[in-house]
Structures are given as C-alpha cells and as structure tokens.
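Reading the sequence shown from the start, the letters are residues 1 to 219 in the UniProt record's numbering. From the three backbone atoms N, C-alpha and C, an ideal C-beta is built for every residue, glycine too. Working notes, beginning with the structure itself.
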Amino acid sequence: MRTIALVTQKGGSGKSTLSASLAVEMQARGETVFLVDMDPQRSLATWARGRTDRRLAGAAVGPGQLTEVLGSLADRGVTLAIIDTPASLSAASEAAMLAADLIVIPVRPTIFDIWSSEATWQRVRALGRDCAFVLNQCSSLQGSRRVREGAAALAAMGGLLQPLITARVEFQDAMQRGLGPTELDPHGPAAEEIRQLCESIRRRMARDRFQGRSAPMAA
Ligand SMILES: Nc1ncnc2c1ncn2[C@@H]1O[C@H](COP(=O)(O)OP(=O)(O)OP(=O)(O)O)[C@@H](O)[C@H]1O
Ligand SMILES: [Mg+2]
Numbered sequence: 001m002r003t004i005a006l007v008t009q010k011g012g013s014g015k016s017t018l019s020a021s022l023a024v025e026m027q028a029r030g031e032t033v034f035l036v037d038m039d040p041q042r043s044l045a046t047w048a049r050g051r052t053d054r055r056l057a058g059a060a061v062g063p064g065q066l067t068e069v070l071g072s073l074a075d076r077g078v079t080l081a082i083i084d085t086p087a088s089l090s091a092a093s094e095a096a097m098l099a100a101d102l103i104v105i106p107v108r109p110t111i112f113d114i115w116s117s118e119a120t121w122q123r124v125r126a127l128g129r130d131c132a133f134v135l136n137q138c139s140s141l142q143g144s145r146r147v148r149e150g151a152a153a154l155a156a157m158g159g160l161l162q163p164l165i166t167a168r169v170e171f172q173d174a175m176q177r178g179l180g181p182t183e184l185d186p187h188g189p190a191a192e193e194i195r196q197l198c199e200s201i202r203r204r205m206a207r208d209r210f211q212g213r214s215a216p217m218a219a
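Structure representation (structure tokens):
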C-alpha cells in the first residue's frame with residue numbers, strides 16, 4: 001500500500017478538494033483507495049460517506065490511531081491511502097508526514113500562502129522527510145507574474161508537481177455533488193488537470209522508489 005499525505009498549516013489551500021479529486025481518479029486507474037480524514041472538520045469523511053464505490057471509502061481517524069488504521073487498510077487490500085490533515089502543524093499533521101510515502105503541500109499563489117508553505121516545508125525537512133508542492137487555485141491567466149513567481153519559489157524549495165491547478169467552479173461543484181472533477185465533466189479542463197496531477201504523483205513516487213526512499217505503487 002502507498003500513502004500520500006496532503007499537509008500544510010495554511011487553511012483553505014485545497015487539501016480536502018485535491019484529496020477527493022485525486023482519490024476518484026486514482027480509483028479509476030485501478031487503485032483501491034481509502035481516504036483518511038485527520039481533520040476534525042471531517043469534510044472528506046462526510047464526502048466519502050456519500051459515495052457507494054467498492055474501491056473508494058473513507059473515515060475520520062485520530063493521530064493516535066493512524067499507524068493501526070494504515071496497517072489494517074493494507075490487510076484489507078487497500079492499495080492507496082490518501083491522508084487529509086487539519087490546517088495546523090499538529091499531532092495529526094506530524095503523524096501523517098511520518099507515515100506518508102509522499103507528502104504533498106498544496107499552495108495558493110499568494111505571498112502569504114508561500115511564506116506559510118515554507119514553514120510547513122521546514123517542518124517536513126526537520127522530520128527528515130521529502131515533499132512536493134502543488135500550486136492550487138491559480139488564476140486562469142497562468143502566465144501571470146504572480147503565478148510564475150510562486151511556481152519558481154516552490155520549485156526552488158523542493159519540487160513543484162505539474163500542472164498548476166486552476167481555480168475553477170468545477171472543483172466546487174464536483175465536491176458538492178459527491179464527485180471528482182473527472183466524473184463531473186470528464187472532458188473538461190479541471191478533469192484534465194487532475195489526470196495530469198495523478199500522472200505527476202505516480203512519476204514522483206516511482207522516482208522516490210528508484211532512489212530508495214519508498215516502495216512501489218500498485219499498478
Ligand atoms: N482548484 C480549485 N478551484 C476552485 N475552488 C477550489 C479549488 N481548490 C479548492 N477550492 C475551494 O477552496 C476552498 C478551500 O478548499 P479546501 O476545503 O479543499 O481546502 P483545505 O486546505 O482542505 O481547507 P482547510 O484548511 O479548512 O481544511 C473550498 O471552498 C474549495 O471548494
Ligand atoms: Mg480540509
């Protein structure tokens with residue numbers, strides 16, 4: 001089983017939205033996915049309860065339960081756990097960072113968000129872990145100077161997953177209907193961004209495995 005944790009102390013960056021969006025697409029690619037919701041707001045666990053998939057489930061999990069829950073998921077045939085965390089550097093986010101094969105830090109392209117993500121990145125490094133950033137809620141003018149500068153700052157820190165994810169109502173509509181953007185409008189641009197992000201994540205995990213940092217992802 002592979003584990004991805006979405007972590008950042010900055011609220012509203014898109015941890016829960018991207019967790020759900022990635023879960024749907026990863027499931028479509030053959031993974032059996034479990035969403036581990038460590039945020040007391042429980043948005044993701046609530047979203048997952050509205051679904052009836054055989055290969056996509058989720059539940060709220062406290063930091064003290066994480067190791068045991070991940071062990072039992074592997075025993076139950078789950079191939080990919082996606083952990084959503086609260087907007088704080090807390091026992092929950094630290095447990096998630098330590099358990100994950102890949103830590104993803106979603107960042108909006110504003111200077112306050114980038115400063116905040118730098119603090120999260122430093123905590124990741126202090127724990128001896130590695131991470132990748134994803135720029136979320138970018139303006140559709142992706143060539144804008146602010147987005148370009150944000151991308152350069154994050155790439156210099158650790159690594160920026162492609163593509164940049166645009167601010168689109170499709171993400172909000174999909175969550176409201178208990179769907180991923182790839183289900184809401186499979187041919188739309190939000191769906192295409194999520195498919196590309198899945199590819200980047202798979203490549204990144206394969207690279208980490210090659211460098212001896214983690215184990216192989218399920219086919
Ligand atoms: N790419 C996007 N396009 C449009 N809206 C988005 C996008 N990503 C997230 N949002 C919206 O931004 C808001 C915050 O997103 P979300 O709840 O996923 O962030 P979060 O990091 O999980 O927040 P919290 O820190 O409160 O848990 C939500 O209203 C969500 O619908
Ligand atoms: Mg959230």
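Practice item. Look up arginine 2 in the DSSP assignment and give the residues it is bridged to. Key: For the purposes of this step, residue 2 is taken as the residue at position 2 of the sequence shown. DSSP, once it has assigned bridges, lists Leu80 as partnering arginine 2.
Exercise for review: Measure the C-alpha to C-alpha separation of methionine 175 and alanine 20 and round it to an integer number of angstroms.
Suggested key: Locating residue 175 in the sequence shown gives position 175, where the first residue counts as 1. Locating residue 20 in the sequence shown gives position 20, where the first residue counts as 1. Cα to Cα, methionine 175 sits roughly 8 Å from alanine 20.
Review point. Where do the ends of the beta strand (DSSP E) carrying leucine 56 lie?
Key: In the sequence shown, residue 56 corresponds to position 56, counting from 1. 56-60 is the span of the beta strand (DSSP E), which, as asked, contains leucine 56.
Exercise for review: Find the nearest neighbour of threonine 182 within the set Ala81, Glu25, Thr46 and Asp113, judged by alpha-carbon distance.
Suggested key: The residue labelled residue 182 in the question sits at position 182 within the sequence shown. Comparing Cα positions, the closest option is Glu25.
Exercise for review: Evaluate glycine 14 with the Cβ neighbour count: other Cβ atoms within 10 Å of its Cβ, from every protein chain shown; 16 or more gives buried, anything less gives exposed.
Suggested key: Reading the sequence shown from its first residue, position 14 is the one you call residue 14. Buried.
Review point. Does DSSP put isoleucine 105 in a helix, a strand or coil?
Key: Within the sequence shown, residue 105 is the residue found at index 105, counting from 1. DSSP places isoleucine 105 in strand when its eight states are reduced to three.
Exercise for review: Could you check what DSSP says for aspartate 130 in three-state terms: helix, strand or coil?
Suggested key: As a position in the sequence shown, residue 130 is number 130, starting the count at 1. In this structure, aspartate 130 counts as coil in the three-state DSSP scheme.
Check your understanding: What's the gap between the Cα of glutamine 122 and the Cα of phenylalanine 210?
Key -> Position 122 of the sequence shown, counting from 1, holds the residue named residue 122. Position 210 of the sequence shown, counting from 1, holds the residue named residue 210. Those two C-alpha atoms are separated by around 24 Å.
Review point. Mind checking whether the beta-carbon of glutamine 162 lies closer than 7 Å to any heavy atom of ligand 1?
Key: Against the sequence shown, residue 162 aligns to sequence position 162. False, no ligand heavy atom lies under 7 Å from that Cβ.
Practice item. Classify serine 144 as helix, strand or coil using the three-state DSSP reduction. Key: Translated into positions along the sequence shown, residue 144 becomes position 144. Serine 144: coil per DSSP, three-state reduction.
**Study point:** N- and C-terminal bounds of the alpha helix (DSSP H) containing valine 69
**Key:** Against the sequence shown, residue 69 aligns to sequence position 69. First-last of the alpha helix (DSSP H) with valine 69: 66-75.
Check your understanding: Do alanine 170 and leucine 184 have their C-beta atoms closer together than 8 Å?
Key -> The residue labelled residue 170 in the question sits at position 170 within the sequence shown. The residue labelled residue 184 in the question sits at position 184 within the sequence shown. Before going on, a small fix: residue 170 reads as glutamate here, not alanine. Taking 8 Å as the Cβ cut-off, glutamate 170 and leucine 184 qualify as a contacting pair.
Check your understanding: In this structure, does DSSP put valine 7 in helix, strand or coil?
Key -> Indexing the sequence shown from 1 puts residue 7 at position 7. Note: valine 7 maps to coil in three-state DSSP.
Practice item. Measure the beta-carbon distance from alanine 152 to alanine 5 and round it to whole angstroms, keeping in mind my assumption that it falls under 8 Å. Key: One-based indexing of the sequence shown puts residue 152 at position 152. One-based indexing of the sequence shown puts residue 5 at position 5. Not quite, the Cβ-Cβ distance comes to about 25 Å (not below 8 Å), so this is no contact.
Review point. According to the neighbour-count rule (16 or more other Cβ atoms, all chains shown, within 10 Å of its Cβ), is arginine 125 buried or exposed?
Key: Along the sequence shown, one-based indexing puts residue 125 at 125. Label assigned to arginine 125: exposed.
Exercise for review: Taking aspartate 101 as the reference, give the member of Gly150, Asn136 and Ile82 with the closest Cα.
Suggested key: Locating residue 101 in the sequence shown gives position 101, where the first residue counts as 1. Of Gly150, Asn136 and Ile82, the residue nearest in Cα terms is Ile82.
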